[in-house]
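Chemist: Just so it is clear: in the sequence shown, position 9 is 10 by the working numbering, and no numbers are missing.
Ideal placement from N, C-alpha and C gives every residue a C-beta, glycine not left out.
None of the values given here were measured: they were computed from a predicted structure.
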Amino acid sequence: MNTKCVICAEPHDSRKCPKNGQENVERKCFNCGGPHTASFRGCPKFPKIKTSEKGHAGKSFASLLQREKPMATPQPQENRFAPTEETKLPSQGNMRNPEDFTDVFRLLHHLRSIMNAIPNFQTVLTKMDQESNPQNKLFMLAEAFIAPSAPDSK
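(1) Using a Cβ-Cβ cut-off of 8 Å (strictly less than) and excluding sequence neighbours within five positions of H110, which residues of its own chain qualify?
(2) Restricting to Cα atoms, I'd like to know which of H37, K51, K46, F31 is closest to P12.
(3) Can you give me the start and stop residues for the alpha helix (DSSP H) that D101 sits inside?
(4) Whole angstroms is fine: what's the gap from Q76's alpha carbon to L139's?
(5) Compute the distance between the beta-carbons of G34 and C44, then report whether it is under 8 Å.
(6) Determine the closest residue to H37 out of V7, T52, T74, with distance taken between C-alpha atoms.
(7) Quick one: what's got a C-beta closer than 8 Å to T74's C-beta in the same chain, skipping five residues either side?
(8) Go ahead and pull the three-state DSSP assignment for N3.
(9) Do you know how far the Cα of K29 is from the Cα of C9?
(10) Keeping to the same chain, check which residues put their C-beta closer than 8 Å to that of F146; ignore five residues upstream and five downstream.
(11) Quick check on D130: does DSSP put it in helix, strand or coil?
(12) I'd like to check one pair, V26 with K20: are the Cβ atoms closer than 8 Å?
(13) Using the three-state DSSP reduction, which class does Q136 fall into: helix, strand or coil?
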């Protein structure tokens with residue numbers, strides 16, 4: 002490929018142009034021969050980028066790439082997520098009060114103090130996991146709480 006200077010239109014690279022860096026350099030366009038550099042966009046023979054006229058107004062590139070899917074007839078399906086009973090919306094009567102949460106935290110605080118008082122709490126907890134009756138679980142917890150303090154009471 003023949004290299005032409007953008008500044009003076011002579012057959013050399015623009016970076017090696019002898020006129021580059023001089024004051025009042027006479028510029029010459031190699032496209033039209035006019036008194037401007039060849040990279041001047043106002044040149045009548047400046048190569049214009051040809052845009053395709055295939056663009057579709059109002060459509061995105063992604064939508065143009067999608068294939069047309071055949072319309073399938075919708076099959077009636079039973080709604081698996083539909084509630085079987087009438088769903089009751091929360092009302093003022095069954096909403097939780099902030100006091101309920103305070104009570105839960107108070108209970109947790111008491112349970113923590115009970116846990117700290119039982120030295121073998123992990124073994125008691127393992128035994129409670131195997132029990133299904135909540136009353137028996139409570140008795141197991143009470144027995145574990147009483148057992149360490151039994152020798153002290155004598």
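Modeler: Let me lay it out:
(1) Start at 1 with the first residue of the sequence shown, and residue 110 comes out as number 109. Counting only Cβ-Cβ distances below 8 Å, and skipping sequence neighbours, we find nothing.
(2) As a first step, residue 12 must be located in the sequence shown, where it is residue number 11. Nearest option by C-alpha distance: F31.
(3) Here residue 101 refers to the residue found at position 100 when the sequence shown is read from its first residue. Per DSSP, D101 belongs to the alpha helix (DSSP H) from 99-118.
(4) Counting from one through the sequence shown, the residue named residue 76 turns up at place 75. Counting from one through the sequence shown, the residue named residue 139 turns up at place 138. Going by the C-alpha atoms only, they are around 55 Å apart.
(5) Residue numbering aside, residue 34 sits at position 33 when the sequence shown is read from its first letter. Residue numbering aside, residue 44 sits at position 43 when the sequence shown is read from its first letter. Using a Cβ distance threshold of 8 Å, G34 and C44 do not count as a contacting pair.
(6) If you number the sequence shown from 1, residue 37 lands on position 36. The residue with the shortest Cα to Cα distance from H37 is V7.
(7) Your numbering for residue 74 matches position 73 in the sequence shown. Only residues of its own chain outside the window of five on either side were considered, and among them none has a CB closer than 8 Å to the CB of T74.
(8) The residue you call residue 3 lines up with position 2 of the sequence shown. Of the three classes helix, strand and coil, the one that applies to N3 here is coil, per DSSP.
(9) Position 8 of the sequence shown, counted from the first residue, corresponds to residue 9. Position 28 of the sequence shown, counted from the first residue, corresponds to residue 29. Roughly 5 Å between the two C-alpha positions.
(10) By one-based count along the sequence shown, residue 146 stands at place 145. Correct list, in chain order: I115, A118, I119.
(11) To locate residue 130, count along the sequence shown from 1; it is residue 129. Helix at D130.
(12) Here residue 20 corresponds to residue number 19 of the sequence shown, with the count starting at 1. Here residue 26 corresponds to residue number 25 of the sequence shown, with the count starting at 1. Yes. Within cutoff.
(13) For the purposes of this step, residue 136 is identified with residue 135 of the sequence shown, where counting begins at 1. Note: Q136 maps to helix in three-state DSSP.
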